[in-house]
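Start counting the sequence shown at -11; every next residue gets the next number (my numbering). By construction, the Cβ of each residue, glycine as well, lies at the ideal position given by its N, Cα and C atoms. Here the structure comes first, spelled out in structure tokens, and everything after it is commentary.
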Amino acid sequence: MKKSIILIALALLGLNLQAQQKVALHHNGVTEIYDGVNSFIQAYDSAIAGDTVYLSGGVFSAPSNINKRLTIYGAGHYPDTTKATRSTVITGTINIYQDADSTFIEGLELSDISIPSNHKVDYLTISRCILGSFTMSGNQTNPCQYLTFKENIVGGINLASGANSIISNNIIIRQIYNGNQNAFYNNILLYESAPNNSTRYVMNNVTNCVVANNIFRLVRYNNYPLSGSTNVISNNVNVANTTGTSNLYSNNYTYPIVDSIFVNHLGNAFSYDDDFHLDSAGVYLGVDSTQVGIYGGLYPWKESSVPSIPHIIYKKIPDAVEPNGTLDIEIKVNAEDY
């Protein structure tokens, strides 16, 4: 109920599509409102560890870094579900530093999220965002652990300092690099690996990982989806059950025409018009007996990546009051249950 009231307040403050951006900072039952392109920066500067930040639709500048534990919600990014609010767009890279353990980020459109070298961040969750890249720089000497990266649309991923993490139910457009002891479940990987080029795997230099229930659009080089060792590779689409390597392959689905298994998708790019439901969901099953791809597994895809907070689906706020001094406002909110 409290989340709904905050979101409605943000809607009321934005009287038209040209209104300034709004950010609500919630702390110990008290809510402060900031506005303008720098309102996210102002709210971050005022926040303390454990606070929640709600961003309206609009374009916001990013804080120089996030170095405290926060819960951050945007309005989402799919055009069909942000008509009433606009999508929440962050300009600039979000850099996450070592004191931001257990930070939660959901419902944003942004260019990049990065954890710089020598910053250890554990229990980070990134959910239902669209971003150009996600990078954990550094090495495995003192790794970032227990990341949950789920239900995102992402250009590429680098887990150089990532370990013991879950990458699940994402649409991944380019390549994945590095990482140790991670789990890759139920992702759709659109990258087309190159023939006769050992540096152009879909997944590169991954070690001791579980790779299961994923859909690889096209694997060309030696029929291997990845480079690395001692990985367990099971129940993936378009992966050969290869023997004689340092990885264990089992129960993979070899060489279907991948675009044809989706209701609507062609090529190696992402479009909001894509429909990644499987034409025959019961044909390709994962290790958990749910369907492979983003609609099965641990975190089945939420249609249109709607954030898990109450979602404004309709807003009608007149530009002027009636002659009798009243202002007729109509707002419809869906209570999201996950």
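Quiz item: Would you call Thr233 buried or exposed, if buried means 16 or more other Cβ atoms sit within 10 Å of its Cβ?
Solution: Burial call: exposed.
Practice problem: Using DSSP bridges, identify the partner residues of Ala151. | Solution: Ala151 pairs with Gln133 and Asn168.
Quiz prompt | Proximity of Thr76 and Leu43 at Cβ, strictly below 8 Å | solution = Result yes, Cβ atoms of Thr76 and Leu43 sit closer than 8 Å.
Exercise. Could you tell me which of Thr278, Thr79 and Lys108 sits nearest to Asn127, measuring between CA atoms?
Key: For the residues Thr278, Thr79 and Lys108, the minimum Cα distance to Asn127 belongs to Lys108.
Self-check item: Contact under 8 Å by Cβ, Gly274 with Asn174
Solution: Contact flag set, yes.
Quiz item: Hey, out of Asn168, Ile164, Gln169 and Asn170, whose CA is closest to Ile176's CA?
Solution: If we check each option's Cα against that of Ile176, Ile164 comes out closest.
Exercise. Check whether the Cβ atoms of Asn170 and Gly150 lie closer than 8 Å to each other.
Key: The answer is yes: Cβ separation under 8 Å.
Quiz item: Do Leu13 and Ala35 have their C-beta atoms closer together than 8 Å?
Solution: With respect to the 8 Å criterion, Leu13 and Ala35 are classified as neighbours on the basis of their beta carbons.
Quiz prompt | Limits of the unbroken alpha helix (DSSP H) element including Tyr32 | solution = Tyr32 -> alpha helix (DSSP H) spans Ser27 to Ser34.
Quiz item: From Leu254 to Asp261, what does the alpha carbon distance come to, in whole angstroms?
Solution: Rounded to whole angstroms, the gap between the alpha carbons of Leu254 and Asp261 is 11 Å.
Quiz item: Hey, how far is the Cα of Thr242 from the Cα of Leu178?
Solution: For Thr242 and Leu178, the distance between alpha carbons rounds to 16 Å.
Quiz item: Taking all protein chains shown into account, do 16 or more other C-beta atoms lie within 10 angstroms of the C-beta of Lys320, making it buried, or fewer, making it exposed?
Solution: Its Cβ having fewer than 16 others within 10 Å, Lys320 is exposed.
Self-check item: Reduced DSSP category for Ser327 - H, G, I as helix; E, B as strand; rest coil
Solution: This structure leaves residue 327 out entirely; the chain is present only between -11 and 326.
Quiz item: In chain order, what residues of the same chain lie with their CB nearer than 7 Å to the CB of Gly2, ignoring the 5 residues before and after it?
Solution: With a pLDDT of 47 at Gly2, under the threshold of 50, the modelled position of this residue cannot be trusted; read the value that follows with caution. Excluding its 5 nearest sequence neighbours in each direction, Gly2 has C-beta neighbours in its own chain below 7 Å: Lys10 and Ser44, listed in chain order.
Quiz prompt | Through-space distance from Ile305 to Leu0, alpha-carbon basis | solution = Because the pLDDT at Leu0 is just 49, under 50, the model does not fix this residue reliably, and the point stays unresolved.
Quiz item: Is Val18 helix, strand or coil when you go by DSSP?
Solution: Strand.
Exercise. Could you check what DSSP says for Glu291 in three-state terms: helix, strand or coil?
Key: Helix at Glu291.
Quiz item: Run through DSSP, which three-state label would Leu5 get?
Solution: Note that Leu5 scores 45 on pLDDT, short of 50, meaning its location in the model is unreliable and no value can be drawn from it.
Quiz item: Could you give the distance in angstroms between the alpha-carbon of Ser238 and the alpha-carbon of Asn219?
Solution: The C-alpha of Ser238 lies about 11 Å from the C-alpha of Asn219.
Practice problem: Report the three-state DSSP secondary structure of Thr69 (helix, strand or coil). | Solution: In this structure, Thr69 counts as helix in the three-state DSSP scheme.
Practice problem: Please classify Tyr316: does DSSP put it in a helix, a strand, or coil? | Solution: The sequence given here has Asp at residue 316, not Tyr. Here Asp316 sits in coil by DSSP.
Self-check item: Residue from Asn224, Asp110 and Leu147 whose Cα sits closest to the Cα of Ala124
Solution: The question names Ala, yet the displayed sequence has Met at residue 124. Ranked by Cα distance from Met124, the first of Asn224, Asp110 and Leu147 is Leu147.
Quiz item: With 16 other CB atoms within 10 Å as the buried threshold, where does Glu324 fall?
Solution: That one is exposed.
Practice problem: Please name the residue, chosen from Thr113, Ala88, Cys117 and Ser90, that lies closest to Asp100 on a Cα-to-Cα basis. | Solution: Residue Cys117 is the option with its Cα nearest to Asp100.
Practice problem: Indicate the three-state DSSP secondary structure (helix, strand or coil) for Ile249 in the structure shown. | Solution: When DSSP states are grouped into helix, strand and coil, Ile249 belongs to the helix group.
Practice problem: Could you name the residues of the same chain whose beta carbon sits closer than 7 Å to that of Leu315, not counting the 5 residues immediately before and after it, in chain order? | Solution: Beyond the five residues adjoining it in sequence on each side, Leu315 comes within less than 7 Å, by CB distance, of Pro306 and Val309 in the same chain, given in chain order.
Practice problem: Assign Asn140 to one of three DSSP states: helix, strand, or coil. | Solution: Of the three classes helix, strand and coil, the one that applies to Asn140 here is coil, per DSSP.
Quiz item: Who are Leu266's beta bridge partners in DSSP?
Solution: Bridge pairing for Leu266: Phe250 [DSSP].
Quiz prompt | Alpha-carbon to alpha-carbon, Pro244 and Asn322 | solution = Counting only the Cα atoms, Pro244 lies some 39 Å from Asn322.
Quiz item: Do Gly216 and Thr230 come within 8 Å of each other at the CB atom, strictly closer than that value?
Solution: Here Thr230 is not near Gly216, since their CB atoms are 8 Å or more apart.
Exercise. Answer with buried or exposed for Gly80, where buried requires no fewer than 16 other C-beta atoms within 10 angstroms of its C-beta.
Key: Gly80 comes out exposed.
Quiz item: Per DSSP, what kind of secondary structure is Ser222 in: helix, strand or coil?
Solution: Reduced to three states, the DSSP call for Ser222 is strand.
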